[in-house]
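In the working numbering, the protein residues as written are 673 to 1023. Each residue gets a CB set at the ideal place from its N, CA and C atoms; glycine is no exception.
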Ligand SMILES: *Cc1c(COP(=O)(O)O)cnc(C)c1O
């Protein structure tokens, strides 16, 4: 962002990663900073964070911490398939549109196959068709179904939809990867136990986002299918994703999980998006694109309004998913921020 040169005084709606570090994560980092600890994950903070994630999911999963979501997704996907396989995902998936080919790179060329589906969610029939349309040796053999929860369009798969996809994947011999950059928002919005939308629905590996939830950096790769985690530590190391001061990737998870902040902070972001949606629905000429279920609102703005808002200093994206202006809320969004933005949008629409 060439116009993003200073620390912003005003909160923005471009992404949830514009927000800072939330107090619970910050405090845990501070505690981890008191003295020495073993390196490369051989420390008590990492052990405790892994244990807390196992408790959270109520299952004996394997957990790894990496620096960002692109690494989490592409390394997890690489561990689910061989280079001659293929990964099926929605056409708006982050792994397809926003990771610079990392999934293909780290899997040594595994092909991504795109399927459509309403509101950013894969259509099960399209998945089945993609698997079955070719069974010959010339086609990259489908091996993974990758789904995003919450989706890139701010929508959610319901528990039933996930179970259906899980069954479909089993039937088609596909492994299931979940991009959970905004997994916390999904759990908070659905009000379900995290196990219900992961391993109980057939998810083999979850990339659980910490950054957008309120941490400085870091995502957890959670293998519910422990077989698939074999030698994942080597994969992380080779990819430059093994933190030597691992405790600073792990400690924030302790702060977020023990306090429950991972859910209260994401519920707050969701509620902010709901409030913003309500404000925008009251402005003549503004349309809302998708069912608003998590922490983003996609709006259709009248001609000229996008430029006018940019002129007023607002940052937001217009290229995510299938267009429209995306307004993303975070743990740090306030009522006042929403009021400022909504007032400016209404003002620009009235010009
Ligand atoms: C933000 C995001 C990621 C992770 O992106 P990084 O910039 O690599 O941390 C992954 N998936 C989705 C859907 C995201 O929104």
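DSSP links residue 849 through a beta bridge to 818 and 877.
Taking non-hydrogen atoms of ligand 1 into account, the C-beta of residue 766 is found less than 7 Å away from one of them. Judged by DSSP secondary structure, residue 909 falls within the alpha helix (DSSP H) whose first and last residues are 904-910. Between residue 851 and residue 766, the C-beta gap is smaller than 8 Å, which places the two residues in contact. The DSSP-derived three-state label of residue 953 is helix. The residue from 1010, 970 and 972 with its alpha-carbon nearest to that of residue 951 is 1010. The alpha-carbon of residue 874 is positioned some 13 Å away from that of residue 898. Relative to ligand 1, even the nearest heavy atom lies 7 Å or more away from the CB of residue 727. Between the alpha carbons of residue 970 and residue 996 lies a distance of about 6 Å. In this structure, residue 842 sits away from residue 816, with a CB-CB distance that is not shorter than 8 Å. By the criterion of a C-beta distance shorter than 7 Å, residue 937 is surrounded in its chain by 694, 885, 886 and 1003, once the five residues flanking it on both sides are discounted. Inside the region 705-743, DSSP marks whole alpha helix (DSSP H) runs of 4 or more residues at positions 716-729, from first to last along the chain. Here residue 990 is exposed, its C-beta having fewer than 16 other C-beta atoms within 10 Å.
Below 8 Å, too few C-beta pairs join the region 941-955 and the region 781-795 to call them touching: fewer than three.
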